[in-house]
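> First residue of the sequence shown: 28, per my numbering; consecutive thereafter. Heads up, the beta-carbon is just placed ideally off N, CA and C, and yes, glycines get one too.
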Amino acid sequence: MITAVVSLGIGIYTVNYLPFIDFLPYKIGNNLPSLMVLPEGKEGDVFEQLYTMKNKKTGETKKVNDKVYMADKLWEDESWEIIGEPESRLIKKDMIFLSPTY
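#1: Could one say the Cβ of D93 lies closer than 8 Å to chain C's Cβ atoms, at least one of them?
#2: Roughly how many whole angstroms lie between the Cα atoms of R116 and I29?
#3: Answer yes or no: do N92 and E75 have a C-beta to C-beta separation smaller than 8 Å?
#4: Could you give the residue range of the alpha helix (DSSP H) that holds T41?
#5: Just how far apart, CA to CA, sit V42 and P60?
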């Protein structure tokens, strides 16, 4: 019974006020820009943008990534148009956990 009352009391307190210990990165005293800098030698997650392109003359559709889109300058070619929204695809996941030093 006492455990239930204490648990309920702590729950009500933390909902109405702040938790006892704030583990979030944006708590008071943390410098967010310095926490967002990647450590040396890390590149973070690598994404690729996929565009669905349609040829206006032939009706052919193809998917190209952002590197091919930029290298072939497809935006300058009037016969190709982008269909829908570009898809973002994760190429490489780099697990980085930034934590402030205390």
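In short, the structure shows the following:
#1: Note that chain C does not occur in the displayed structure, where there is just one protein chain.
#2: Approximately 51 Å between the Cα atoms of the pair.
#3: Cβ atoms of N92 and E75: closer than 8 Å.
#4: Element bounds for T41: I29 to N43.
#5: Each residue's alpha carbon lies about 28 Å from the other.
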